[in-house]
Amino acid sequence: MILVAGGTGRLGTIVVSRLVAGGHDVRVFTREPGRAQHLHEGSVEIVRGDVRDRQTIEPAMDGVTTLVSAVQGFAGPGRVTPESVDRDGNANLADAAANAGADVVMMSIVGAAADSPMELFRAKHSAEQHLRGGGTAWTIIRATAFVELWAEILGKAPVFGRGDNPINFVSVRDVAAVVERAVDRTEWRGQVVEVGGPDNVTFNELAAMLQEVRGTNRKSHHIPRWLLRGLAPVARQPRAALTMDTIDMTFDAASGRTLIADVPMTDLRTALSEALGQARPHS
Ligand SMILES: NC(=O)c1ccc[n+]([C@@H]2O[C@H](COP(=O)([O-])OP(=O)(O)OC[C@H]3O[C@@H](n4cnc5c(N)ncnc54)[C@H](OP(=O)(O)O)[C@@H]3O)[C@@H](O)[C@H]2O)c1
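Throughout the sequence shown, residue numbering follows our numbering, covering 871 to 1153 in sequence.
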């Protein structure tokens, strides 16, 4: 039995469907079972719980051989934070897996580091450290920014800041393919696998690409840096947006792919076209 925490999310939904198609028994851990309705009816077990509450995790571990963590607390419902979900929630999951003798495949982020200016990246680093120091066999998957998420954001909101900082974007489908392999490939235990997309592009370039794929030609608006700076002390999102507009967010995805040479590296236009044809499972 594979337990997928975050199985209702953008990545988790694809991971669940791939695992089911691959013949695995899958249980999805969610705070709200209604958010799992789009997952394979009947073929997936749904269990209610919250990674911030250890007591809800233990019963969900019954019979679990591998736990996949695809949770994030940067944004979303339920007053989540990177500290409570990405750091402490992942630590709770790792401890519960260790008690149950299950392996862990944990989603992290390229750039996770103790001294990162991004609180999410610091929280992921802390979760990685906890997992490495615990008593369970683990694989950490670090991904760059999901292009489908940013296409959705750029479809609704202006470009944050100047938008001229190159960023690596990856298709969530390629990341899901890596997560699925990590479940099956026990020879990856004790390894950090990094996955990114073929190009580093700026938000301005991504916004233009999105317009091209949609066949529209609207002028892009920007939220200026001075406004992001003003909001940064009180809100996480503008703080992160400002950082993404300034720090090095590039990634060389072509090198170091030995482990994942068989995973596609979808080009961004193809990923955007596919995303435009699909509905978001939940927001
Ligand atoms: N998006 C990116 O650009 C990106 C880049 C690199 C790495 N990642 C990592 O990839 C993973 C998937 O990201 P995503 O964008 O697909 O996420 P998402 O769509 O925002 O989904 C978030 C998931 O986290 C779960 N969750 C949040 N708080 C929870 C809590 N307290 N208890 C239990 N579950 C909780 C939600 O489940 P319920 O709401 O059903 O409870 C949901 O399934 C995350 O670990 C993320 O950090 C994402």
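Glycine included, every Cβ here is placed at the ideal spot set by N, Cα and C.
Buried or exposed: residue i, going by 16 or more other Cβ atoms within 10 Å of its Cβ?
i     : result
R1150 : Its pLDDT being 46, under 50, R1150 is placed unreliably in this model, and the value from its coordinates should be taken loosely. Classification for R1150: exposed.
G892  : exposed
S1153 : In this prediction, S1153 has a pLDDT of 37, which is less than 50 and means its spatial position is unreliable; what the coordinates show is noted afterwards. S1153 is exposed by the Cβ-count criterion.
S913  : exposed
A967  : buried
G1066 : buried
T1056 : exposed
S1143 : exposed
L881  : buried
R922  : buried
DSSP three-state call for residue i: helix, strand or coil?
i     : result
D973  : strand
H908  : coil
N1087 : coil
N960  : helix
E1050 : helix
S939  : strand
A875  : strand
F944  : coil
F1121 : coil
I927  : helix
V955  : helix
R918  : strand
S913  : coil
Just to confirm, does residue i get its C-beta within under 7 Å of one of the non-hydrogen atoms of ligand 3?
i    : result
D920 : For the structure depicted, ligand 3 is absent and the ligand set comprises only ligand 1.
Compute the distance between the beta-carbons of residue i and residue j, then report whether it is under 8 Å.
i     : j     : result
N960  : H1000 : yes
L1080 : L1024 : yes
V980  : R1012 : yes
N1074 : V1029 : yes
L1129 : V1045 : no
T936  : A972  : yes
P1094 : L1101 : no
I1117 : T1072 : no
M976  : A997  : yes
V1017 : S1041 : yes
S939  : G876  : yes
F991  : A1015 : no
The beta strand (DSSP E) spanning residue i covers which residue range?
i    : result
R901 : No beta strand (DSSP E) contains R901, which DSSP labels as neither H nor E.
Alpha helix (DSSP H) containing residue i: first to last residue?
i     : result
V890  : 880 to 891
E1144 : 1138 to 1146
R1106 : 1106 to 1114
G1060 : No alpha helix (DSSP H) contains G1060, which DSSP labels as neither H nor E.
L1129 : That residue, L1129, is in no alpha helix (DSSP H); it is neither H nor E in DSSP.
R1095 : 1095 to 1101
Practice task
Report the residue ranges of all beta strand (DSSP E) runs contained in full by the segment 981 to 1048; include only those spanning at least 3 residues, in chain order.
Solution key: Within the segment 981 to 1048, the complete beta strand (DSSP E) segments of 3 residues or longer fall at 1008 to 1013, 1037 to 1040, listed in chain order.
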